[in-house]
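Colleague: Residue numbers for the sequence shown, in my numbering: 9 to 97.
Note that the Cβ used here is the ideal one computed from N, Cα and C, for glycine as well.
None of the values given here were measured: they were computed from a predicted structure.
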Amino acid sequence: MMINHKKVSKILSQVLEVEYIYISSYNVFTIINNFDIEVLSHIYDKEIILHNQFPSTLFDFHVIFRYNKDVNKLNLTEAKQIYKRKKEK
């Protein structure tokens, strides 16, 4: 079963530290700026929700820490961006 991009985006973006979400086939790349165990815990909770809502969908989740790098330099060329958090002014 195909990944529902809108649902993935809606659920994972509830974690405020999530800056970008990319998808490539069954891979879901969640991008945050820095390593933070509490943020990871919240992301993992959202991943469990997605697994439970879509039990027949194959997911392979990845969290990427960009450490202030430009997201375009993360080499996600095969992945499609489905979410970008708007910058606060």
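Measuring alpha carbon to alpha carbon, tell me which of 29, 47 and 64 ends up nearest residue 104.
Modeller: No answer is possible for residue 104: it lies beyond the span of the chain, which begins at 9 and ends at 97.
Colleague: From the DSSP output, read off the bridge partner residues of residue 68.
Modeller: Residue 68 is bridged to 35.
Colleague: So, is residue 40 buried or exposed, given that buried needs 16 or more other C-beta atoms within 10 angstroms?
Modeller: buried
Colleague: Would you kindly check if the distance between the Cβ of residue 42 and the Cβ of residue 73 is under 8 Å?
Modeller: yes
Colleague: Taking the beta strand (DSSP E) that residue 91 belongs to, which residues open and close that run?
Modeller: Boundaries of the beta strand (DSSP E) around residue 91: 88-92.
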